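Position one of the sequence shown corresponds to residue 1 (full-length UniProt numbering), numbered consecutively onward. All residues carry an ideal CB built from backbone N, CA and C; glycine is no exception. Please read these numbers as outputs of a predicted model, since none were measured by experiment. Written out below as structure tokens is the structure these notes cover.
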Amino acid sequence: MSGQHLADGTVDTGNGGNRSPVDTKSPTSIEKQHSYEQIDHAHFLANDIGTLYLNDRFSDVVLVVNGERFHAHRVVLASRSDYFRALLYGGLKESHQSEVEITEASINSFKKLLEYIYSGCMNLSILKDEVILEIFSLSNLFGFTNLELSLCKYLRSNINVYNVCPMFAAARLYQHKELVIEALNFTDCHALEVLQSESFLSLSPEALQEVLNRDSLYAYELDIFRAVCRWIKANQDDEDPEAKIKVLSAVRYPLMSLDELLSVVRESQLVSSDNILDAIQLRNTLPSHKLKFRGQLKPNLNIAHPSQGAQVMQGEMRSALLESDSNGHDHERGCTRHLINESDSGIMIKLGHPSIINYIKIQLWDKDLRSYSYYIEVSMDQHDWVRVIDHSNYYCRSTQRLWIHPRVVQYIRIVGTNNTVNKSFHIVSMEIMYNSEEMNLVDIEKGLVGKCILINRIKIFCMIS
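Structural data, given as structure tokens:
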């Protein structure tokens, strides 16, 4: 017979009256006991320190910002910031002054920062962009690293046409690389709106040049020139003559039409006749691939798709190429083809916009053991073609992952030169993009692609088969 529970909380085991103790505490009661052992009143501490904000009780220093006085506490300021620790306890004259002047901030922004110092909280939703940007600058100046990082994340997620230029200027000044990239990428995608904004006029000459020198600033060159003219007019009172020359030199005049050069540019009287004539000569004599075009940059997005405005201009069964299933194909369906001979100009794709690309992926017909040879050319105008891939002397099968040096293109032409079975060249699917996720993993040498491998800090180039 099994043991019975007795009134004193022991168990009769049936072994001559021997009794064993029983732990009657439930898991819930054990957890409750542990919770009583740990006292966490951190929120009370935060609230108590927060009550000292703008409170003259126990205050031992007054911070003066543009004439307004803020009562503060040296130990709180010093414990929160290395800047204030050095200022108030580092042996400087401010260490012995009852009033310390702060010249780097506006009243509103400093008041919000001071509230954060005492409370650790800040509601960005009620603040204007210019106030947030100033607090961002102050957080860098006064060494509030955590606040600076949080503000950087907020700014990156709330970037718009109106704040992108001052945001870029602040990020550039304080060397926030991620925020600089975010601001530049946004400007690239909304170029005309940013060029026409009022905040564009507040950029420094150096920041303006950095924006204009990007190949990915996708806008008509005439619009860029007009924006530069607006900037020069707005900054003429404090303008360095050298700065004017530098920002004007960032405009790519050979990309403008003859009429635009002879009317708008010449009539502005900002560009010399010699520079205008040089631009006309370059436009008329240089092959188009040597002109420094601007193009859209959409990293890691397949732009060879109808949703991006791409279309197949040459080839048989054109509809199959850009939307086909790479697995469901045969000789008669699911692939685009052309006849391999001297008179056939291959398969040509037109992108929706001039675009910066560095990666092409094509799926060759692979239902048997045949191999193909081919080359790929790119162009901006369908007249001047540049060969970027030449596999006419190689036997190629199935998926082709092709890397080229980044360049602006609008037309891509694939020309088959050999098929080991018949005289047709077949492509099942195609992707074109600027691939930033894998670009650092490959090197391009003599038109071929290899992997970069570091062995004892020495870069080794290995062919990809």
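Exercise. Within 10 angstroms of the Cβ of M1, are there 16 or more other Cβ atoms? Answer buried if so, exposed if not.
Key: At M1 the pLDDT is 46, less than 50, meaning the model places this residue with poor confidence and gives no usable figure here.
Quiz item: Where does L351 fall in DSSP's three states?
Solution: strand
Quiz item: Applying the criterion that 16 or more other CB atoms from any shown protein chain within 10 Å of the CB defines a buried residue, is L45 buried or exposed?
Solution: exposed
Quiz item: Below 8 Å between beta carbons: does that hold for R266 and I280?
Solution: no
Quiz item: Taking buried to mean at least 16 other C-beta atoms within 10 Å of its own C-beta, is G295 buried or exposed?
Solution: buried
Self-check item: H383 - DSSP class collapsed to helix/strand/coil
Solution: coil
Practice problem: Could you tell me which residues DSSP pairs with M122 in its beta bridges? | Solution: DSSP lists no partner for M122.
Quiz item: Quick one: any contact between the region 300-307 and the region 421-436, if contact means 3 or more CB pairs under 8 Å?
Solution: yes
Self-check item: Separation of F293 from S320, as counted between CA atoms
Solution: Here residue 320 is Ala; the residue named in the question, Ser, does not match the sequence. Near 31 Å, if we compare the C-alpha coordinates of F293 and A320.
Self-check item: The alpha helix (DSSP H) enclosing residue 504, as first and last residue numbers
Solution: The structure shown does not extend to residue 504, since the chain is modelled only from 1 through 465, so no value can be given for it.
Self-check item: Beta-carbon gap between G143 and S81 smaller than 8 Å
Solution: yes
Exercise. State yes or no: is the C-beta of A170 within less than 8 Å of the C-beta of L133?
Key: yes
Exercise. Might you give, ordered along the chain, the residues of its own chain that have their beta carbon closer than 8 Å to the beta carbon of S398, omitting 5 neighbours on each side?
Key: Q363, L364 and D366
Self-check item: Pairwise C-alpha distance: S157 and T420
Solution: 53 Å
Practice problem: Spell out the partners DSSP gives Q363 in its beta bridges. | Solution: T399 and S429
Quiz item: When DSSP labels each residue in this structure, what does N158 get in the three-state scheme?
Solution: coil
Exercise. Measure from the alpha carbon of residue 501 to the alpha carbon of each residue in H71, A86, L149 and E130, then state which is nearest.
Key: Beyond the ends of the chain as shown, which are 1 and 465, falls residue 501; an answer cannot be given.
Practice problem: Would you give the residue range spanned by the beta strand (DSSP E) that V65 belongs to? | Solution: V61 to V65
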